[in-house]
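Each step along the sequence shown adds one to the number in full-length UniProt numbering, with nothing skipped, and position 241 is 320. Quick reminder that beta carbons are idealized off the backbone N, C-alpha and C, glycines included. See below for the structure under consideration.
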Amino acid sequence: RKILADELPEAQVIVVSNREPYIHNETRDGDVELVVPASGLVSALEPITRACAGTWIAYGGGSADRTVVDGNDRVQVPPGHPSYTLRRVWLSDDEYQGYYLGFANEGLWPLCHIAFTRPIFRESDWEAYEAVNRKFAETVVAEARNERPIVLVQDYHFALLPRMIRERLPEAIVITFWHIPWPNSEVFSICPWRERILDGLLGSSIVGFHTQFHANNFTESVDRFMESRIERADAAISYGGQVTLVHSYPISIEWPAELLKALPSVEECRLRVRKRFRIPAGAKLCVGVERLDYTKGILDRFHALEELFIRHPETVGNVVFLQIAAPSRGTLPAYKHLHEECVRCAEEINQRYGSESYRPVVMVAEHHSQAAVYELYRAADICLVTSLHDGMNLVAKEFVASRDDEQGVLLLSTFAGASRELLEALIVNPYDAAMMSEAMLQALTMGPDEQHERMRRMREIVRDNNVFRWAGSMLLDAARLRKRGDLDRVTA
Ligand code: G6P
80 RKILADELPE AQVIVVSNRE PYIHNETRDG DVELVVPASG LVSALEPITR ACAGTWIAYG
140 GGSADRTVVD GNDRVQVPPG HPSYTLRRVW LSDDEYQGYY LGFANEGLWP LCHIAFTRPI
200 FRESDWEAYE AVNRKFAETV VAEARNERPI VLVQDYHFAL LPRMIRERLP EAIVITFWHI
260 PWPNSEVFSI CPWRERILDG LLGSSIVGFH TQFHANNFTE SVDRFMESRI ERADAAISYG
320 GQVTLVHSYP ISIEWPAELL KALPSVEECR LRVRKRFRIP AGAKLCVGVE RLDYTKGILD
380 RFHALEELFI RHPETVGNVV FLQIAAPSRG TLPAYKHLHE ECVRCAEEIN QRYGSESYRP
440 VVMVAEHHSQ AAVYELYRAA DICLVTSLHD GMNLVAKEFV ASRDDEQGVL LLSTFAGASR
500 ELLEALIVNP YDAAMMSEAM LQALTMGPDE QHERMRRMRE IVRDNNVFRW AGSMLLDAAR
560 LRKRGDLDRV TA
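In structure tokens:
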């Protein structure tokens, strides 16, 4: 807020994402229930939009979204403490199918993640993607109070949007943040519309990634496919008479987490969770929390647990693995298949190693509120964040933030951006079941002093590099760009 007031006075902040921060769903009794989706993007952007009283434009996808305010597409949120405007964009079933399920989630999502799932590119999905990007561009223009808003475009759903905004509002600052990895240029070249995607993104003033590695991959892709000039020392790309900065800005979470204030002590959380999931006394509790997605490595985690039981039979009976998996994109075949496989694999392990009173794997494929998730983090002995590939992964940071008792062990994938910052986690390769099982054993037997030392250090990192710093450094770079542009105009 201070950066905005000092450096970008009177600038209006508009956030654009596919997911809305509060989904309005109709309950069985006909009431409206507000659900915060399982999305790292939403947990990061929500405190920022609250702090700068901006406008958030998103797809209104809840079952009660259209009716909640008499068909109005604007609503003030959060409920109870309204501090910003949520402007919903309605999409037809065909638009949703082609743009979101099709091009974004069957095309770009597997293209950008190393999870060995083949991307599917359909002409009709691309057309819907383009049409929906245009619809959002029109909404941005309609919401802009003047010619110079700051538009924060979020993620792979909107690769064409920056260019479309630039054409309509040439003086806007467009900061695009790509929340997922960017592949190397060889992989990227598979996409039939690669030049259009790069052209769209280069309409941005800044394109941000979580890691320098992904920023470099993006720059390499531009170098290979576009007529552009690249100033590597300044991390700047000149294309079509415009300059775009390409930087890494590691995303983070709110600190201190607002939610923590309302939560019971760690002891109380442990009692509640262990009772609810019937964890046998003496067994250590490992948790995994994510969307039910093939990039998250849930099956590999189950295999690692089995490997642990085979290599160290004394651990059978002494560890329970609780996997929370929030369903999303569930109508896509790859996601349906994953769900079935996870259930099958969990059952197999339970049959092989469990008993009447002991279920080694508890899998709950349901959405959980943020408060319930934080309660789990606080109850856990070990948290497993072992995704096959991830831009950042905020579950790792949330787990650390939740542990004000400075206990608990984090197992973290080397392929999650978070592993570049949380060096005191036990870093693992999720494809290597033997290595993962040994890291699990190390976590199970780690003493409280070592846990304390590692957790304390990780908490310092997350505290110092919180989400306000993430947004602040992008806004400072944007302010510099605007000043330079204004100066150039004066001297021209
Ligand atoms: C990832 C993406 C986000 C997305 C989230 C949830 O974190 O980067 O853009 O919102 O997953 O996925 P969903 O498809 O349910 O919105």
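With H, G and I counted as helix, E and B as strand and the rest as coil, what does DSSP make of residue i?
i	result
serine 317	strand
isoleucine 330	coil
cysteine 348	helix
isoleucine 358	coil
serine 481	helix
serine 492	strand
arginine 224	coil
arginine 499	helix
cysteine 270	coil
leucine 304	Going by the sequence as given, residue 304 is phenylalanine instead of leucine. In this structure, phenylalanine 304 counts as helix in the three-state DSSP scheme.
threonine 410	coil
valine 395	coil
valine 121	helix
glutamate 310	strand
leucine 387	helix
valine 507	strand
cysteine 424	helix
phenylalanine 402	The sequence given here places glutamine at residue 402; phenylalanine does not occur at that position. In this structure, glutamine 402 counts as strand in the three-state DSSP scheme.
leucine 467	coil
glycine 181	helix
tyrosine 163	strand
residue 572	Residue numbering for the chain in the displayed model covers 80 to 571; residue 572 lies beyond these limits and cannot be assessed.
cysteine 462	strand
Please work out which residues of its chain come closer than 6 Å, Cβ to Cβ, to residue i, disregarding the five sequence neighbours upstream and downstream, and give them in chain order.
i	result
tyrosine 456	Phe478 and Ser481
tyrosine 101	Leu113 and Val156
isoleucine 193	His468
Measuring CA to CA, which of the options is closest to residue i?
i	options	result
aspartate 144	Ile254, Glu393 and Glu99	Glu99
leucine 378	Val232, Glu112 and Val440	Val440
glutamate 337	Thr524, Ala130 and Pro88	Ala130
histidine 447	Ala475, Ala413, Ser407 and Leu467	Ser407
methionine 471	Ser118, Thr410 and Pro198	Ser118
tyrosine 175	Gly140, Phe547, Phe288 and Arg308	Gly140
valine 253	Arg548, Val94, Arg153 and Pro359	Val94
isoleucine 285	Arg568, Lys562, Leu554 and Leu180	Leu554
tyrosine 432	Leu463, His382 and Glu420	His382
isoleucine 269	Glu246, Pro189, Leu83 and Tyr235	Pro189
glutamate 420	Pro158, Met442, Ile506 and Pro335	Met442
glutamate 503	Glu517, Arg538 and Pro527	Arg538
asparagine 212	Phe182, Phe195 and Pro228	Phe182
isoleucine 136	Ala360, Asp85, Gln321 and Arg153	Arg153
Is residue i near the ligand G6P, judged by its Cβ being under 7 Å from some heavy atom?
i	result
glycine 119	yes
histidine 446	no
proline 359	no
proline 408	The amino acid occupying residue 408 in the given sequence is arginine; proline does not appear at that position. Flag set: Cβ of arginine 408 near the ligand G6P.
asparagine 97	yes
aspartate 234	yes
arginine 370	yes
histidine 258	yes
proline 262	no
proline 116	yes
When we look at the beta-carbon of residue i and count the other beta-carbons within 10 Å, is it buried (16 or more) or exposed?
i	result
aspartate 149	Below a pLDDT of 50, predicted positions are generally treated as unreliable, and aspartate 149, at 46, falls in that range; the measurement from the model is reported next regardless. It is exposed - the Cβ of aspartate 149 has fewer than 16 other Cβ atoms within 10 Å.
aspartate 372	buried
aspartate 460	buried
valine 114	exposed
proline 509	buried
glutamine 430	exposed
leucine 463	buried
serine 468	Rather than serine, the amino acid found at residue 468 in this sequence is histidine. The residue in question, histidine 468, is buried, as its Cβ has 16 or more Cβ neighbours within 10 Å.
aspartate 543	exposed
valine 422	exposed
Tell me which residues share the same chain as residue i and place their Cβ nearer than 7 Å to its Cβ, disregarding the 5 neighbours each side in the sequence.
i	result
alanine 444	Leu371, Ala404, Pro406 and His418
asparagine 184	Arg408 and Leu411
alanine 132	Ser162 and Tyr163
histidine 531	Glu485 and Gln486
tyrosine 437	Pro359 and Gly396
In its own chain, which residues sit with a C-beta less than 8 Å from the C-beta of residue i, not counting the 5 before and 5 after it?
i	result
glutamate 299	Asn263 and Ser264
tyrosine 261	Reading off the sequence shown, one finds tryptophan at residue 261, where the question assumed tyrosine. Closer than 8 Å at Cβ, skipping near neighbours: Cys191, Phe267, Phe288, His293, Ala294, Asn296, Phe297 and Ser300.
arginine 80	Ala130 and Cys131
glutamine 449	Val115, Ser122 and Leu338
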